[in-house]
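Protein chains in written order, with our numbering: chain A, 1471 to 1927; chain B, 49 to 143.
As structure tokens, this is what we get:
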């Protein structure tokens, strides 16, 4: 490759800043510095690309850069924190789409030479395209544009047939290279359809895993197209993200105790049978009793879930916690890895409300403490505190690591209605002798508790 | 590019990715995912290279599409990550 040294050097510097930035993001204290560094890396890499000798279509390029980044910049600035998962999904999908489009140009020009290059171009195009349409579907679902999980008849057969068709078309393209345009069109059509079909049946609570998976996909696609273009910066950034994303996806899948194949091919929703009938009844409580129970406790652990996000209740919840702390109660937050709709969803919402991160604990850190807690307050969480996962072998969520909220002296559950959680599984916790149900939307309920706490002084 | 050089880069980058993430606390899952989402926005550079070499109208159209999508990935990824990370504070800082 005959690029000037300053272009190559700038790309190398960009790649270095990405890695340093990502490293910075592995500690809460340096995380913000990390993203700023990575941001400089991006600016340097983009600026250097304008200096490539013989670069054509520069006006078109500036128009594309301007329109793409402006649209994303403004939408990203004004999106609500509760809607963050779908935003992350859609930006990720765009990256996948860009990687697939790069491959399309290389095929169209017949620039991809040699078996290795063509193979990587095809694989990158396939996973980039799947990530693109898959992320768009994930966005539509999270945004509420698509209300339910759609299952095609013989869903898994369709998945497998499309995947095999894409693989076969890709293999033909590698063998024939350069391939006929018609073959390329069909290949892309099948790859894009595959992303749609795979994502359609996947429901809400599996979303953190899916978003994380598509993030890893886009990373890998970028890395592979980087090889095709002979650009090490793309390879490094893409593969680092691909590896990190794969690891994160595994962590998520482990937190649900479901192998990835299970999440992709046998979604829980609607299919959940099993789980024995539960003895006992749900006992209701009012805000005044709930407030008193927490006001005179010495330790309260709050477990937030997707219900808190839906109700935008994070600010009220923190206001309530601060009042409890002023009354001398120790308050901690316990977060299950897959609570919400993307990895770390709850952390973001609590941080938005101003909860300091040293009050937020993950499953392993806090599970031993429930036994010493006077009250566990469950806000819009369900499956992640279902003790059946520990005890009932016939339950569909058996084996999933849960927050042991049932070990607390008292459990208060804020919940909109008596229905089951996303998985459709009855929650034994709600029927426990030490459990009281506070029915209502999380935000007004937290508000009522605050009023009661004020009245108690 | 020399295939073997690329294999070195692939392997080392994969290790780097694993090492950097390592045992990450749950609180950092968001910056980790959103931040890495931003970083693969570097695909915009690849899209610029592709568009910069495009000759026919079809190539230019696909290239325009690629650059716009890549730029959106980078810009959007940066904004949302920065917004989320700006909120992570310890108690003293929060006051």
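The C-beta atom is built at its ideal place from N, Cα and C for all residues, glycine as well. Since we're looking at a predicted model, the values are computed, not measured.
CB contact below 9 Å: residue i versus chain B
i	result
residue 1887 (chain A)	no
residue 1562 (chain A)	yes
residue 1853 (chain A)	no
residue 1815 (chain A)	yes
residue 1702 (chain A)	yes
residue 1538 (chain A)	yes
residue 1482 (chain A)	no
residue 1742 (chain A)	In this prediction, residue 1742 (chain A) has a pLDDT of 44, which is less than 50 and means its spatial position is unreliable; what the coordinates show is noted afterwards. Chain B contact via Cβ: absent.
residue 1629 (chain A)	no
residue 1793 (chain A)	no
residue 1652 (chain A)	no
residue 1911 (chain A)	no
residue 1786 (chain A)	no
residue 1612 (chain A)	no
residue 1597 (chain A)	no
residue 1688 (chain A)	yes
residue 1839 (chain A)	no
residue 1520 (chain A)	yes
residue 1432 (chain A)	In this structure chain A extends from 1471 to 1927, so residue 1432 (chain A) is not present and cannot be described.
residue 1906 (chain A)	no
residue 1739 (chain A)	Legend: pLDDT at residue 1739 (chain A) = 47, less than 50; position of this residue unreliable, value from coordinates given subsequently. So no, residue 1739 (chain A) is outside the interface.
residue 1915 (chain A)	no
residue 1870 (chain A)	no
residue 1691 (chain A)	yes
residue 1802 (chain A)	no
residue 1572 (chain A)	yes
residue 1732 (chain A)	no
Cβ-Cβ separation, residue j to residue i (assumed contact under 8 Å), whole Å
i	j	result
residue 1883 (chain A)	residue 1767 (chain A)	Not a contact, Cβ separation roughly 16 Å.
residue 1673 (chain A)	residue 1601 (chain A)	Not confirmed; about 19 Å, so no contact.
residue 1657 (chain A)	residue 1639 (chain A)	4 Å
residue 1564 (chain A)	residue 121 (chain B)	4 Å
residue 118 (chain B)	residue 89 (chain B)	6 Å
residue 1710 (chain A)	residue 61 (chain B)	5 Å
residue 96 (chain B)	residue 1537 (chain A)	Between residue 1537 (chain A) and residue 96 (chain B) the Cβ distance is about 14 Å, and since that is not below 8 Å, they are no contact.
residue 1505 (chain A)	residue 1491 (chain A)	6 Å
Rounded straight-line distance, which links the Cα of residue j to that of residue i
i	j	result
residue 1632 (chain A)	residue 1515 (chain A)	37 Å
residue 1613 (chain A)	residue 1559 (chain A)	11 Å
residue 1899 (chain A)	residue 1681 (chain A)	29 Å
residue 1637 (chain A)	residue 1574 (chain A)	16 Å
residue 57 (chain B)	residue 1554 (chain A)	33 Å
residue 1541 (chain A)	residue 1924 (chain A)	45 Å
residue 1484 (chain A)	residue 1696 (chain A)	14 Å
residue 1708 (chain A)	residue 1691 (chain A)	7 Å
residue 1866 (chain A)	residue 1895 (chain A)	8 Å
residue 1920 (chain A)	residue 1765 (chain A)	10 Å
residue 1911 (chain A)	residue 1735 (chain A)	33 Å
residue 1739 (chain A)	residue 1620 (chain A)	The predicted model places residue 1739 (chain A) with a pLDDT of 47, which falls under 50 and marks its position as unreliable, so this point remains unresolved.
residue 125 (chain B)	residue 1774 (chain A)	26 Å
residue 1522 (chain A)	residue 1703 (chain A)	15 Å
residue 1584 (chain A)	residue 1592 (chain A)	12 Å
residue 1848 (chain A)	residue 1474 (chain A)	60 Å
residue 1876 (chain A)	residue 1566 (chain A)	43 Å
residue 94 (chain B)	residue 1757 (chain A)	57 Å
residue 1510 (chain A)	residue 1705 (chain A)	18 Å
residue 1481 (chain A)	residue 1824 (chain A)	38 Å
Three-state class that DSSP yields for residue i in the structure shown
i	result
residue 136 (chain B)	coil
residue 1905 (chain A)	strand
residue 67 (chain B)	helix
residue 50 (chain B)	coil
residue 1863 (chain A)	coil
residue 1830 (chain A)	strand
residue 1657 (chain A)	helix
residue 1803 (chain A)	strand
residue 1888 (chain A)	coil
residue 1672 (chain A)	coil
residue 1880 (chain A)	strand
residue 1774 (chain A)	strand
Closest Cα partner of residue i within the set the options
i	options	result
residue 1830 (chain A)	A:1702, A:1873, A:1802, A:1759	A:1802
residue 136 (chain B)	A:1642, A:1544, A:1478, A:1495	A:1495
residue 1834 (chain A)	A:1873, A:1792, A:1592, A:1789	A:1873
residue 103 (chain B)	A:1576, A:1606, A:1915, A:1513	A:1576
residue 1590 (chain A)	A:1572, A:1603, A:1607	A:1572
residue 1712 (chain A)	A:1870, A:1808, A:1594, A:1643	A:1594
residue 1800 (chain A)	A:1807, A:1808, A:1806, A:1791	A:1791
residue 78 (chain B)	A:1879, A:1851, A:1870, A:1805	A:1805
residue 1822 (chain A)	A:1860, A:1671, A:1782	A:1782
residue 1778 (chain A)	A:1850, A:1630, A:1508, A:1871	A:1850
is_contact[residue i, chain A] using C-beta, thresh 9 Å
i	result
residue 142 (chain B)	Unreliable positioning characterises residue 142 (chain B) in this predicted model, as indicated by a pLDDT of 43, which lies under 50. A coordinate reading is not provided.
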